[in-house]
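Colleague: One structure, pasted below without further comment.
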Amino acid sequence: RTELIRLQLDDINHESGLAMIRQGKGRKDRVVPTGQRALEWLNKYLHDGRPALLDQDTQAIFLTARGNAFHPVTLTQLVRSYLTAAGITKPGSCHMLRHTTATLMLEGGADLRSIQTLLGHASLNTTQIYTHVSIKHLREVHDRTHPGAKDRKPPKKD
């Protein structure tokens, strides 16, 4: 949440698709890739939405309806309202979205070390806490890799 609030206009390189996260987790700077779809939505917001919100000269990317940079509590409330509007009944927040992203990346084939770097974790143990492995994913891994799960027919009875 804080990393999103701290994003400044010059932290996004639109050509390379990279975002500079300043003083993120562990108070360290890091560079993370931004997906093409996210960049397209960000550019639309910067062109069509943000100018209408500007009430003061600020470099913050994301602004409240009053044109100010978000306060962490305000952003949490906004995210919760969007989760509710989307029909998601499980209580959630920005932090839940980090967990979900990490889990989906792991299930999509990303290695833990890459997820650790993207999330800005100093310890791989922290990343492992973030990644919740689903039973469905465990079944797929088991079926794909376990020698006993290969296509074998049971022995014929004589």
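Under my numbering, read the sequence shown as residues 28 to 185, first letter to last.
For each residue, glycine too, the CB sits at the ideal point set by N, CA and C.
What first and last residue would you give for the beta strand (DSSP E) that runs through ALA15?
Modeller: The requested residue 15 is not part of the displayed model; the chain covers only 28 to 185.
Colleague: By the three-class DSSP mapping on this structure, what secondary structure does VAL160 have?
Modeller: Within the sequence shown, the letter at position 133 stands for residue 160. VAL160: coil per DSSP, three-state reduction.
Colleague: Out of ASN40, ALA113, ARG166, LEU145, state which residue places its alpha-carbon closest to the alpha-carbon of ARG57.
Modeller: The count along the sequence shown starts at 1 and reaches residue 57 at position 30. For the residues ASN40, ALA113, ARG166, LEU145, the minimum Cα distance to ARG57 belongs to LEU145.
Colleague: Would you please state the rounded distance, in angstroms, between the beta carbons of LEU133 and GLY119? I believe it to be under 8 Å.
Modeller: Against the sequence shown, residue 133 aligns to sequence position 106. Against the sequence shown, residue 119 aligns to sequence position 92. No, LEU133 and GLY119 are not in contact; Cβ-Cβ is about 19 Å, not under 8 Å.
Colleague: How about GLN35 and GLN86: are their beta carbons less than 8 Å apart?
Modeller: What you label residue 35 is simply residue 8 of the sequence shown in a count that begins at 1. What you label residue 86 is simply residue 59 of the sequence shown in a count that begins at 1. Yes, these two residues count as a Cβ contact at 8 Å.
Colleague: In the DSSP assignment, find the unbroken alpha helix (DSSP H) run with PRO99 in it and report its ends.
Modeller: The residue given as residue 99 occupies position 72 in the sequence shown. Here the alpha helix (DSSP H) through PRO99 covers 99-112.
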